[in-house]
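Numbering (full-length UniProt numbering), first residue to last: 1 to 149.
For every residue, glycine included, the Cβ atom is placed at its ideal position computed from N, Cα and C.
These figures come from a predicted structure and were not determined experimentally.
Reviewing the structure listed below.
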């Protein structure tokens, strides 16, 4: 199974809420799936997890930073991509504190505009209370372990 390395971002606003995007898949292998997930994406060839985190943050949110701290969590699991390929996902999570709630979609890819339907800033209480699917499932604990919540 091919490995797919990804940098994921725990973007925290001044109100201590975490940013999640709502993904709604209408086509392909993931058609019918609807879930919330952290910003982030694949590590490109020759790129470090840290560099990917900085790039993905800018591309998906418009927030620019010159560096990120060490990853606060990691996980590996089989993941089905929209193409139908199953890969071994290797994810590292990085905390970024945003100075505001303002976001930009200016650098979204065509694929992102087709599946990223919404965004929301979630409090710890809202995450624990929601019946919506949220990835990763252990996000509240991950944020607590990282000292965010």
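- When DSSP reads this structure, residue 10 sits in a beta bridge with 95.
- Residue 35 sits close to residue 23, with the two beta carbons spaced by under 8 Å.
- Taking all protein chains shown into account, residue 17 has 16 or more neighbouring C-beta atoms within 10 Å of its C-beta and is therefore buried.
- For residue 77, the enclosing beta strand (DSSP E) has its first and last residue at 73-80.
- A straight-line Cα-Cα distance of about 31 Å links residue 43 and residue 125.
- Nearest neighbour of residue 143 by Cα position, chosen from 77, 2, 20, turns out to be 20.
- Only exposed fits residue 77, as fewer than 16 other CB atoms lie within 10 angstroms of its CB.
- Collapsing the DSSP output to three states places residue 120 in a strand.
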